[in-house]
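Q: Take this structure, written in structure tokens, and hold onto it; I'll ask about it next.
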Amino acid sequence: MLHRLLPLFLFSSMAFANGAAPLPNGISIDPSAELDKQITQTVRVYRFPLGAVVKINRDVRIDKEQQLSGQLTRTTWEMPKSFDPHELLQVLRDQVITQKGEILFECDGRDCGTSNIWANDLFNNADLYGRDDYQRYFAAKLDDQYLAAYAVRRGNRRVYLHLDQITEAEQAVPWLVLLEERGWVKLPNIEEPTLKLLADHLQQNLSPIRLVGHQQGSDQGIAEQESMRLVEQVKAYLDRAGVATGQLEVHGIGALAPSVLGADQSAVVVIAK
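What follows is the structure, given as structure tokens:
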């Protein structure tokens, strides 16, 4: 089947079948596909699955996922019954790779979880509810879009192909907004992406900054040492990033922090004078 599908998928078209919304460059589908459903909308929270799915007490759990927001184009086609869902996704996957896209996750058959969850909870299309052993999924990044592709064969032998295209919107970083609005914020973590955003912000804002470390613990002396070590680590990164040394003060206060900060075992608070 694959050798017959390949020329069809490489059909030189930049649009979906039957006048649907455009596909990414270099991606095309067989012209015999029939459009089943399509929507285009702005989404604030899109669950981009990067792992198998399971439902526990009506709560959909995904081994790994990414939260996206932006414009979503969601399309489902019914394919001829002679098409195989595994091969459908393989050809689409090959096209993504050819266009220098990155496959972020893929699964096949029962390793994906239950088809009912993919159909009704994630893609909101009951037509995609099929046999668990005849489903395939992959997640990919291609140019400025995230792609979630799914194919399945139903018990009545109908075959469906589904594609979510998400163009992520550039959003303001919530904790940076809080810093600008009220003059202080608790950093969400001290990982490099967060510290890079902080460094970029401080290089544009030359106000003096206090870095205050908080460490939960019953021994205040140890807690102060740990909290100072934490903020010194942040300061060292900011120094390397080119933030003016004289702009920064560091303080480790151990467990002596306002209750509004919560009972985190460790946190960094940035306070702007």
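Residues 645 to 917 (my numbering) are what the sequence shown spells out, left to right. Backbone N, C-alpha and C fix where the C-beta goes; we use that ideal spot for every residue, glycine too.
When you compare only the Cα positions, how much space is there between Asp-777 and Tyr-794?
A: One C-alpha to the other measures close to 13 Å.
Q: Is it true that the stretch 718 to 725 meets the stretch 803 to 811, where meeting means three or more beta-carbon pairs spaced less than 8 Å apart?
A: Yes: at least three Cβ pairs fall under 8 Å.
Q: Does the ligand COA have a heavy atom nearer than 8 Å to the CB of Arg-780?
A: Here there are no bound small molecules, and the ligand COA is not part of this structure.
Q: Considering only the beta carbon of each residue, do Lys-681 and Pro-693 sit closer than 9 Å?
A: Contact flag unset, no.
Q: Using a Cβ-Cβ cutoff of less than 8 Å, which residues in the same chain neighbour Arg-688 once the five nearest sequence positions on both sides are dropped?
A: Contacts found: Ser-713.
Q: At the level of alpha carbons, what is the spacing between Leu-842 and Ala-885?
A: For Leu-842 and Ala-885, the distance between alpha carbons rounds to 10 Å.
Q: Give the DSSP bridge partners of Asp-728, in chain order.
A: Asp-728 pairs with nothing; no bridge assigned.
Q: Do Gly-745 and Ser-759 have their beta-carbon atoms positioned less than 9 Å apart in this structure?
A: No, these two residues do not count as a Cβ contact at 9 Å.
Q: Within 10 angstroms of its Cβ, does Val-887 collect 16 or more other Cβ (buried), or is it exposed?
A: By the neighbour-count rule (16 or more Cβ atoms within 10 Å), Val-887 is buried.
Q: Between the Cα of Asp-752 and those of Pro-729, Gln-739 and Asp-765, spot the shortest distance and give me the residue it belongs to.
A: Checked all of Pro-729, Gln-739 and Asp-765; the closest Cα to Asp-752 is Pro-729.
Q: Tell me the rounded alpha-carbon separation between Leu-851 and His-845.
A: The amino acid occupying residue 851 in the given sequence is Ser; Leu does not appear at that position. One C-alpha to the other measures close to 11 Å.
Q: For the beta strand (DSSP E) containing Glu-678, name the first residue and the last one.
A: That run of the beta strand (DSSP E) goes 678 to 693.
Q: Below 9 Å between beta carbons: does that hold for Gly-857 and Ile-897?
A: For Gly-857 and Ile-897, yes; Cβs fall inside 9 Å.
Q: Between which two residues does the beta strand (DSSP E) containing Ser-871 stretch?
A: Here Ser-871 belongs to no beta strand (DSSP E); instead the alpha helix (DSSP H) covers 864 to 884.
Q: Could you check if Gln-711 is buried or exposed, using at least 16 other CB atoms within 10 Å of its CB as the buried criterion?
A: Under this definition Gln-711 is an exposed residue.
Q: Any idea what DSSP makes of Asp-777, helix, strand or coil?
A: Three-state DSSP puts Asp-777 in a helix.
Q: Let me know the beta strand (DSSP E) ranges lying completely inside the stretch 791 to 864, each 3 residues or longer, listed in chain order.
A: Listed in chain order, the complete beta strand (DSSP E) runs (minimum 3 residues) inside the stretch 791 to 864 are 803 to 812, 828 to 830 and 853 to 859.
Q: For a quick check, are the C-beta atoms of Ala-867 and Gln-859 less than 9 Å apart?
A: Result yes, Cβ atoms of Ala-867 and Gln-859 sit closer than 9 Å.
Q: For Leu-766 and Val-698, what's the separation of their Cα atoms in angstroms?
A: Taking the straight line from one Cα to the other gives about 11 Å.
Q: What is the C-beta distance between Phe-855 and Glu-893, in whole angstroms, given that I count them as a contact (C-beta under 8 Å)?
A: Checking the displayed sequence, the identity of residue 855 turns out to be Leu instead of Phe. 7 Å between Cβ atoms; contact.
Q: With 16 other CB atoms within 10 Å as the buried threshold, where does Ser-871 fall?
A: The residue is buried, with at least 16 neighbouring Cβ atoms inside 10 Å.
Q: Starting from Arg-705, trace the beta strand (DSSP E) both ways and give me its first and last residue.
A: Run containing Arg-705: 703 to 706, per the beta strand (DSSP E) assignment.
Q: I'd like to know whether the C-beta atoms of Phe-749 and Phe-727 end up nearer to each other than 9 Å.
A: No, Cβ-Cβ distance for Phe-749 and Phe-727 is not below 9 Å.
Q: Helix, strand or coil for Thr-758 per DSSP?
A: Here Thr-758 sits in coil by DSSP.
Q: What did DSSP end up calling Gln-711 once you bin it into helix, strand or coil?
A: It is a strand residue.
Q: Can you name, in chain order, every residue of its own chain whose Cβ lies under 8 Å from the Cβ of Gln-847, other than the five neighbours on each side?
A: Cβ neighbours of Gln-847 beyond the five flanking positions: Ala-885, Gly-886 and Val-887.
Q: Near Thr-686, which residues of its chain fall below 6 Å by C-beta distance, leaving aside the five closest residues on each side in sequence?
A: Gln-715, listed in sequence order.
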